[in-house]
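**Student:**
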Amino acid sequence: MKATGMAGAGNKDKAEVHSGAVQLPKAPGTYALILRCDAPDRRQVGALGSIEIRPGYYIYVGSALGPGGIRARVSRHLRKAGKLHWHIDYLRPNMPVVEIWFAEAALNLEHAWAEGLRQWDLTGIPAAGFGASDCRCESHLFYCDARPMLEHIRERLVSPVRQRTTVRSVTPDHRAF
Ligand SMILES: [Zn+2]
Numbered sequence: 004m005k006a007t008g009m010a011g012a013g014n015k016d017k018a019e020v021h022s023g024a025v026q027l028p029k030a031p032g033t034y035a036l037i038l039r040c041d042a043p044d045r046r047q048v049g050a051l052g053s054i055e056i057r058p059g060y061y062i063y064v065g066s067a068l069g070p071g072g073i074r075a076r077v078s079r080h081l082r083k084a085g086k087l088h089w090h091i092d093y094l095r096p097n098m099p100v101v102e103i104w105f106a107e108a109a110l111n112l113e114h115a116w117a118e119g120l121r122q123w124d125l126t127g128i129p130a131a132g133f134g135a136s137d138c139r140c141e142s143h144l145f146y147c148d149a150r151p152m153l154e155h156i157r158e159r160l161v162s163p164v165r166q167r168t169t170v171r172s173v174t175p176d177h178r179a180f
């Protein structure tokens, strides 16, 4: 799907710059949050129970096909307070989102992305079933001890029907959401 819906940016190229006031598209799509963890901890994650977290990076995959699309969903993830609804809500405190990967697509790609990340030799699975209560994926959360780079995984983030999707990366600027 073509990049559209960069509302407010006024200039599509500008909206793709990797820093500053990034405006995520309101279009439907699939995203991955890259979270940084600086200190070991234990978190109670809903019905999954207590999970151990360690310094490094976590990648969480989701999709946003409803109203407001990627922008609305990721904005919600970036806000600090709020009801604990998704598994990722339990991890967010003290774990800043340092980067967001996203692709505009009406088709749900999150399970294909989860599979691509599962097969990546740089990732591990910190908690089986995380974010995957309603699907057959082993997890929608992955751990990397070094910061994951989109250019190293981009080719694996494809759709199951090999639809060509453009995966882009932005750094969050909380003022922009
Ligand atoms: Zn899944």
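Numbering of the sequence shown is given in this note's numbering, commencing with residue 4 and proceeding in unit increments. All residues carry an ideal CB built from backbone N, CA and C; glycine is no exception.
Closer than 8 Å by C-beta to residue 149: which residues in its own chain qualify, once you throw out the five before and the five after it? Chain order, please.
**Tutor:** 59, 60, 125
**Student:** Whose CB is closer than 7 Å to a heavy atom of ligand 1? List the residues in chain order.
**Tutor:** 113, 114, 117, 135, 138, 139, 140, 143
**Student:** What's the call for residue 152, buried or exposed, on a 16-neighbour Cβ count within 10 Å?
**Tutor:** exposed
**Student:** Please list, in chain order, all residues of the same chain as residue 73 whose beta carbon is under 6 Å from its beta carbon, the five residues on each side excluded.
**Tutor:** 27, 28, 32, 34, 67, 105
**Student:** Among 155, 70, 53, which residue has its Cα nearest to the Cα of residue 181?
**Tutor:** This structure leaves residue 181 out entirely; the chain is present only between 4 and 180.
**Student:** By a C-beta neighbour count over all protein chains shown, 10 Å radius and 16 as the cutoff for buried, is residue 155 buried or exposed?
**Tutor:** exposed
**Student:** Going by alpha carbons, who is nearest to residue 100 out of 48, 41, 110?
**Tutor:** The residue among 48, 41, 110 with its C-alpha nearest the C-alpha of residue 100 is 41.
**Student:** What is the DSSP secondary structure of residue 92, reduced to helix, strand or coil?
**Tutor:** helix
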